[in-house]
Amino acid sequence: MSPETVWLLALFVVLLLLSGTFSGSETALFSLNRMQIGRFARSTSRRERWVAAVAARPERLLAGILLGNTLVNVASSSVAVALATRLDNLASADTLVLAAVVCDTLLLLVAGEIFPKGLAVHWPAMVAKFYIPFLRPLLRGLRPVAQVLEAVARFLLRGVGVQFQAGRAGLTRPELELLFEDMLEAKGFSEREGVIASNIFDFFETRAWEIMTPRVDVLGVEVGLERSEIIQKVVDARHARLPVYRESVDQIIGYISSKEFLLDPDLPMEQLIKPVHFVPERARVHGILSEVQARKLSVVVVVNEFGGTSGIITLEDLIEEVVGEIFDETEVHVETELHPIDESSWNVSGLLPIHELAEELNLKAPEGPAQTIAGHVAHLLGRPPKVGDIVEDSTLGFEVLEVSRHRARRLVIRRLPRSHEDEDR
Numbered sequence: 532m533s534p535e536t537v538w539l540l541a542l543f544v545v546l547l548l549l550s551g552t553f554s555g556s557e558t559a560l561f562s563l564n565r566m567q568i569g570r571f572a573r574s575t576s577r578r579e580r581w582v583a584a585v586a587a588r589p590e591r592l593l594a595g596i597l598l599g600n601t602l603v604n605v606a607s608s609s610v611a612v613a614l615a616t617r618l619d620n621l622a623s624a625d626t627l628v629l630a631a632v633v634c635d636t637l638l639l640l641v642a643g644e645i646f647p648k649g650l651a652v653h654w655p656a657m658v659a660k661f662y663i664p665f666l667r668p669l670l671r672g673l674r675p676v677a678q679v680l681e682a683v684a685r686f687l688l689r690g691v692g693v694q695f696q697a698g699r700a701g702l703t704r705p706e707l708e709l710l711f712e713d714m715l716e717a718k719g720f721s722e723r724e725g726v727i728a729s730n731i732f733d734f735f736e737t738r739a740w741e742i743m744t745p746r747v748d749v750l751g752v753e754v755g756l757e758r759s760e761i762i763q764k765v766v767d768a769r770h771a772r773l774p775v776y777r778e779s780v781d782q783i784i785g786y787i788s789s790k791e792f793l794l795d796p797d798l799p800m801e802q803l804i805k806p807v808h809f810v811p812e813r814a815r816v817h818g819i820l821s822e823v824q825a826r827k828l829s830v831v832v833v834v835n836e837f838g839g840t841s842g843i844i845t846l847e848d849l850i851e852e853v854v855g856e857i858f859d860e861t862e863v864h865v866e867t868e869l870h871p872i873d874e875s876s877w878n879v880s881g882l883l884p885i886h887e888l889a890e891e892l893n894l895k896a897p898e899g900p901a902q903t904i905a906g907h908v909a910h911l912l913g914r915p916p917k918v919g920d921i922v923e924d925s926t927l928g929f930e931v932l933e934v935s936r937h938r939a940r941r942l943v944i945r946r947l948p949r950s951h952e953d954e955d956r
């Protein structure tokens, strides 16, 4: 074997490795999400900082990688043909060229595409850190030509109305939800943590009217009432905060802290009134929470399109949308046990977990997002419950007896009679 043939073989192997470097790097770097890149940018590892710097400009990265990969693949084909022509004593020139092209294509597909990209799909961060010391100088050398190609691409894309966007998209909401579902299935976190994560997703879509205490359930005090009357309202309401209004609930001017009012009986109520914030019914609750935090408020008044009061939202309501039902020291503990009425009906708290109800009654737990009976009833109704609402699922009937803070507090549950078809099964 002549020295020239050895050099051509060595060059062909180098070109295959370069093809794998470009292909694997492309898949690995474009598989990294924004969180991973941000973590790499703050890392003490030099390779991770290099990865973050290169990935921060995906449009320039793509132009450089595609240019480099194209040049390498064309060069490898030329070297393969040159090697084949040195074997002219074995077959005709046309046959040797065809064999060289086929072999080069197969080697490029396996060693330059499938293998490195397969590794990059499974271990993108590791593969990106492995290739980055080789990729950086290659991209730097190709930068002048890559910038020209990038400019041409921008011009062509603008011609068809597409903006060549810099930056990198983060995870979408469906992708995050799927990620949490996968983690739940893999026991990556507890069911309770999964519920909170799901609540966080819903939190960004929930409107004010969905979580407010409706106007008819708002207990407030009117300016000018005798102190004894106010004390009685505070005691009867058993709420930590009560709205204060003039003439009607449509003219809420603030709220008072029940504890502060009772601890300082000689202080005029006007000096205890704290400001409230007004929001429309369709305001998103995550925006309301931001306002509450910025203004250091505890009560928000929800108003309709005519400026009338639709309901109120407290800081506790906002927190409960994420972590679930909580109690403060002014609330009365609610029993969650089943209280039989007769053989087929029970009086029960809406806070009873739905799976416990199913176990008690020897039924299959209903499918759905709800964790409690109150949540199940709201899900069946498709709206906040009202006293007197009656709804059924496949096995039970539910009648709402008490409603508080837009949730069913007490209900009557009745076992539905089974049909003859069910009995035959």
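To convert, note that position 273 of the sequence shown is 804 in the numbering used here; the numbers rise steadily by one, no gaps. A virtual CB, placed ideally from N, CA and C, is assigned to each residue, including glycine. Quick caveat: nothing in here was measured; it's all calculated off a predicted structure.
Between Gly555 and Pro668, the C-beta spacing is not below 9 Å. Per DSSP, reduced to three states, the secondary structure at Ile885 is helical.
At a cut-off of 3 residues, the continuous stretches assigned as beta strand (DSSP E) that sit fully inside the stretch 766-793 are 772-776 and 783-788. Boundaries of the alpha helix (DSSP H) harbouring Val683: Pro655 to Gly690, taken from the DSSP string.
DSSP, read as helix, strand or coil, puts Ala613 in helix. If you draw a 10 Å sphere on the C-beta of Glu801, you find fewer than 16 other C-beta atoms in it, and that means exposed. In this structure, the straight-line span from the alpha carbon of His870 to that of Asn878 is close to 5 Å. When the Cα atoms are used, Glu933 and Ala939 turn out to be separated by approximately 6 Å. By the Cβ neighbour-count rule, Arg772 is buried, with 16 or more other Cβ atoms within 10 Å of its own. A residue is called buried when at least 16 other Cβ atoms come within 10 angstroms of its Cβ; Ala541 does not meet this threshold and is exposed. About 13 Å separates the Cβ atoms of Glu847 and Val816, ruling out a contact at the 8 Å cut-off. For the 9 Å CB-CB criterion, Val603 and Val628 do not form a contact. Rounded to the nearest angstrom, the gap between the Cα atoms of Gly751 and Val834 is 16 Å.
The Cβ neighbour count for Met566, taken over all protein chains shown within 10 Å, is under 16; the residue is labelled exposed. Take Ser533, set aside five residues on each side of it, and the residues of its chain with a beta-carbon closer than 8 Å to its own are Arg617, in chain order. The C-alpha of Pro897 is placed about 40 Å away from the C-alpha of Val807. With a contact defined as Cβ atoms closer than 8 Å, Val943 and Ile872 qualify at about 7 Å.
For His907 and Pro884, the gap between their C-alpha atoms comes out near 10 Å. Boundaries of the alpha helix (DSSP H) harbouring Val908: Ile904 to Leu912, taken from the DSSP string. Counting the other CB atoms within 10 Å of its CB gives Ala682 a total below 16, which places it among the exposed residues.
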